[in-house]
Structures are given as C-alpha cells and as structure tokens.
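Chains as they are written, first to last, in the working numbering: chain A, 1 to 330; chain D, 1001 to 1330.
Take a look at the structure set out below.
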C-alpha cells in the first residue's frame, strides 16, 4: 500500500511570541521555569503587558516537527485549528510555505488563533505560557480519515490532550491510522502534561503507540520513577521503538532488545524552544527514508542543534545540507 | 530649557515579515535587490503567498532607531500610526516594552497596520516591500506640539515623505522643534526614496536639518553625483553635523571643517535589516549623553553590528554592555 505522505502531524496550531527575560521576571510572574503552562485570556494579557519586546514565529509542537521534517525532504501534512484572523493566516502561510499540506478549515466567529508567550532566559531555557484559543475547537470532525490513512506515520503531540475535543480527535486518528495499517507516533510533550494525563498516556503508549518520543523528565514522569534504567526497561517492554532525548547527552534509541546511544551535536544554545520537536522531525524524516536507527537519531540531533542555535523553533538554516555533513566525534 | 526626552522619532509604524530567499526569487518577483519598494494590497498578497516561512518583528525605520536608542539608555518617544488590529497591538507592545513613549492613537475602521515583506538573501542583504496601510492616515493632527517640543532631537525618517499626509506632519514637526529651540535630525532612508523626493529633501537638508544620517548611495543620490568627495563637500556646506555610513568601511562623521573616520565593528552578517537605523540610534544616544563625535560614531557602529548579526531589526543583545566594551583596533 503506497503512502501519499510520510508523516501526518496533528497538534495545537499556535503562533509563538518569544521574548528574553531573566529569572526574576519568571519568579515575579509565578511561572514554572522550563514548563508549558496553560493560561486564560486575562493572564495572557497580563503577561504580554509585562514582557519585553517580542518576535512572532509560527510554532506548536507538532507544527514545528512537520515544518522541520518537510525541510528535510519528507512528505508531510498537518492537522490543527487556527482562527480566521491575522495570526491564523500567519500560521497557515508559514506551514504551507515550509511545504506542509495543511487542509484544516479555520475557525470562524470563535476564539482567536492560539498563541504561546515564551520567555527565554539567559541560559537559553524557554518557559512557555499557552493560550489555546481556537485549538479548543479542533475535534474528531477535523480528522479526515482518508488524509490520515494516506500517511505512513501519524504523529500526535501529547499537548493535544489538553483541549478535551482534541482528545477524541487524537483517539480517532490513532484508530484510523492503525485501521489503515499505518504507524502511530506520540511525543509526551512536557512532564507536567504527562502529569495531567498520565493514566491515559500509559494506556495509549501500551496499546496504540508504535514510536514514542520523550525526554528524560517526561519518561520518568510517565512511569513515576526516578530511575532512568527502570523507565527504559518499562518503555522497552511496551513500545516497539522509542527515542529518549537527554539534552547535551544526546539520545537513546530503544528498539526491542537493541539500544543505540546517539551523541548530541554541539552548538551554542540561544533558545531551546522546539529542540524536542526538531529531534522528532529529524528522526522521522530519516526513518521515512529507511535509514538505520543510529542515523535516524543523528538526523534528530542535527535538527535539534539547528533549532537551539537561534531564537524561535522553526528552521533558519539549510537542514538538508546540515544532515549531509558528517559530524566529528566531538 | 530642560528636555523630557532625548529623542522623539517620527516614522511609519510597520511590522516586518522576514523570510529567506535566493536571488532567483527576487528576479522572479521583479524586486529591486537591496531597495525599499512600496506595494499595494494585491501585490502584498501575491508576494506573501510566494515567499517562504516568515518571522514577524516590529520594524519601521524610525521605530527601530527609537527601540535601539532606548536600549542604549536614551529617553525616547515615537509617533507613528498603527491600526487597531493584531499587528498594531504587536507594534505598540514592542515599542513600549522597549521603553519608548508611544502616544499616537491607532486608526480604527481604516486600513490595517502596515507591514513590510522583507526577503533576506544568502549574503545577508535585505530587499523590502512595504504595504503602508494605516501609515497613510498619519498627519499633522498626530504631531502633538508639546510632545515634539519636549524632545532634544526630533528624528524624522525620509520614508515618511511617501504617504502624502505624513509630509505635512513632517514639516510641522520640524517647525515645532525649531520653534522650541530643538534640533531636527533626518535620515535619507533609501536611495530610491531620495530619488522620489530629491527636490524636497535638498530644501529640507539645507533649511531644516541639523543632523543628517545617510549611507553613501543615498548621499550620492541626494547630490546627483558619483563623486563621494564632492557629496561630502556639499553636505559639509549645508548641514552642521552629518554621519555617512559606508557598510564594512565604517562611517564618516562630518562637523564643519572636522571629519572623523569611524571603523565598522566586524561581525558575521546574517541580515542587514535595520543596520542604518541602529547606527543612527547609537549615534544619537551617545550624542544625547554629550559624548565626543568619534564616540557617537563608535556607538553607531556597535549598534549596527548587533543589528546585522541576527534576523530582524530590533536588538536581541544587551547593547549597553556592548558599547561599554572597548573594541579592538580590527
């Protein structure tokens, strides 16, 4: 059975507003450093009024992954809900201009396009505050069965579990993908998101997920353990393929009894926004080409390094040239 | 007479949309490489549909200068017209968050906030396409006499001569500033802008301008000569203080019989958008502190180098720290 797309991402369609801030600002605003926190309109307005000058860039976890995977030559589609407003047009333009098929109809007459207020501290760490806006209107009706069944991998972000209607869309997409003999990939997104939805995520990982992406904190949260080796044993028993990212220590790719340690690509950290999204994109783009798992991890490392070397999550360099250049053993 | 502000900038209030492009794209879109071209709605939509993924950042020539000068510690205000829409709120947030006083009322029920579609080629050169939108509604009524008279320097961008009502505002601001015993500074903005308004600019430079900013191409266009020395002689005879920027060759600061050659600060060129705006900001911020002219030029060079080292015109680094660090004699 041929595939029209390599990857179909489904996630919250968000425009990022990035600004620099110091730790005192995060403390004064009562933010959880490094986390993604959901906020309402009033809090979004208060934070925006207090934060420094910003740069706007299309974002969203799965949206970022789709843009990066397309930049690496994969055939990619995205489903997610923007509003019929200026930021919605910005999101739609950017993801389509990245070469991603984006058929979801915008929301009219409802909440505005989602935005994420991102504070980047001097160490490059990002702290995210998300106003979900139009994303809460994304539901099962937005999951076109033919669209999902035509993709080799359906890639779902854990954040999609926050808006309730999207949970149903998420489950439908997984069922459609498996019904069509396709693979389902999931990123756990954020340790606090795992905390909000642990039981459902555990069930999904065990029953529906073929490829799992997580960072170390998310994996430990999923299995409620402080022991990394125990978490690795647990995920190995439940998922066929898992890639666990460990910041500057690189990643661990686990496939049945095999495990591949993949080095990080050294770079200057400017802003970590989108690092995990880019890793998943590199991994999946290489996987779609049938490359061996260590090479999938290397593509992930290269894409993540590019993402953290500049402000904003979307790629600014020629990623295909970067993955074509062999890394030193640094 | 004390001043409430060091600098009051007046200019087109614009949000930039920056994307990478190659020279073939500029050719296919019939763009004048390196220039600022005015476009209408239909052309803006065609270019946006064709261009790559973008990053949005507040811009506008005088707006950029105000943001950079405020980052350097100057007391700064800005007058310019946005619409009451999402991009207008972005512009207003960013300039106020930069520490700039921005009292102009937004336009309601008219054209949307201006945007500039900026294509950055691999050499870092920027080619700008400006849809003026709400800027055409900026007029003499927006020039509050007390606001202008309270600033030591009223800084006007040449681009402001494009929307006709703004020309009248421009002339009123100059008259109010001089009436209050203040200085008037002008940037020539763009060689094509000089070409569109040469006679008026010549008259202004001779009669109204105390401090002139121009790059080499703009100065040559103003005096319709290919001889740089002849242009320098002409400007020396007409303006008390002029700073002429010459890209990697630094700048020449001309004050009566004196002339100071100022070195550029070496950096990696990512995107030249806002280089001239930042130079003027550095120069004026140092001038407001009473620093000697070569030091004003050096502050200009430092600010310009910061601007071209990243995507977008607004500062991303700690400029006060940068000007405090003595440069090597590179």
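For every residue, glycine included, the Cβ atom is placed at its ideal position computed from N, Cα and C.
Here the structure is a predicted model, which means the values were calculated and not measured.
Listed along the chain, the chain D residues whose CB falls inside 9 Å of the CB of residue 52 of chain A are 1094, 1097, 1098. With respect to the C-alpha of residue 75 of chain A, the residue from A/316, A/99, A/106 having the closest C-alpha is A/99. Interface residue (Cβ-Cβ distance to chain A less than 8 Å): residue 1142 of chain D is not classified as such. Within 10 angstroms of the beta-carbon of residue 20 of chain A lie 16 or more other beta-carbons, which makes it buried. Here residue 1245 of chain D is buried, its C-beta having at least 16 other C-beta atoms within 10 Å. If you check each beta-carbon in the stretch 1295 to 1315 of chain D against every beta-carbon of chain A, the ones closer than 9 Å belong to 1310, 1311, 1312, 1314, 1315.
Beta-bridge analysis with DSSP links residue 1129 of chain D to D/1037, D/1117.
Against residue 323 of chain A, chain D offers no close residue; the least beta-carbon distance is about 18 Å (beta-carbon pairs closer than 9 Å). Note on the stretch 45 to 86 of chain A: whole beta strand (DSSP E) runs with a minimum of 3 residues are 55 to 58, 76 to 79, in chain order. Counting C-beta pairs with one atom in each stretch, the stretch 295 to 306 of chain A and the stretch 263 to 270 of chain A have three or more that are closer than 8 Å, which means they touch.
Against chain A, the beta carbon of residue 1048 of chain D has neighbours under 7 Å at 93, listed in chain order. Bridge partners of residue 319 of chain A according to DSSP: none are assigned. Taking 8 Å as the cut-off, the Cβ atoms of residue 1151 of chain D and residue 1007 of chain D count as close.
Its Cα nearest to that of residue 208 of chain A, the residue A/156 stands out among A/197, A/194, A/156.
Looking at the DSSP output, residue 7 of chain A bridges to A/76, A/153.
In summary, the residues of the stretch 67 to 91 of chain A whose CB is separated from some CB of chain D by less than 8 Å are 67, 85, 86, 87, 90, in the order they occur in the chain. Under the Cβ criterion of 8 Å, residue 1056 of chain D is counted among the residues facing chain A.
One alpha carbon belongs to residue 218 of chain A, the other to residue 137 of chain A, and they sit about 27 Å apart.
Contact between residue 222 of chain A and residue 198 of chain A holds, with the beta-carbon distance rounding to 7 Å and staying under 8 Å. Rounded to the nearest angstrom, the Cβ distance from residue 188 of chain A to residue 170 of chain A is 13 Å, too far for a contact under 8 Å. Relative to residue 1192 of chain D, the option among D/1216, D/1259, D/1093, D/1172 whose CA is nearest is D/1216. One alpha carbon belongs to residue 1120 of chain D, the other to residue 231 of chain A, and they sit about 46 Å apart. Inclusion of residue 1255 of chain D and residue 1293 of chain D in the CB contact set at 8 Å is warranted, their separation being smaller than that value. Boundaries of the alpha helix (DSSP H) harbouring residue 23 of chain A: 23 to 28, taken from the DSSP string. Taking the Cβ atoms as the reference, residue 1053 of chain D lies roughly 16 Å from residue 61 of chain A, outside the contact range of under 8 Å. Between residue 210 of chain A and residue 181 of chain A, the C-beta gap is not smaller than 8 Å, which leaves the two residues out of contact. Secondary structure at residue 1247 of chain D: helix, using DSSP grouped into helix, strand and coil. When DSSP states are grouped into helix, strand and coil, residue 1287 of chain D belongs to the helix group.
One Cα belongs to residue 17 of chain A, the other to residue 44 of chain A, and the distance between them is close to 11 Å. According to the DSSP assignment, residue 1295 of chain D belongs to the alpha helix (DSSP H) that extends over 1293 to 1308.
Contact check between the stretch 1034 to 1051 of chain D and the stretch 32 to 52 of chain A: fewer than three CB pairs, one atom from each, fall below 8 Å, which does not count as touching. According to the DSSP secondary-structure assignment, residue 203 of chain A is paired through a beta bridge with no residue. Looking at A/68, A/179, A/102, A/108, the one whose alpha-carbon comes closest to that of residue 86 of chain A is A/108.
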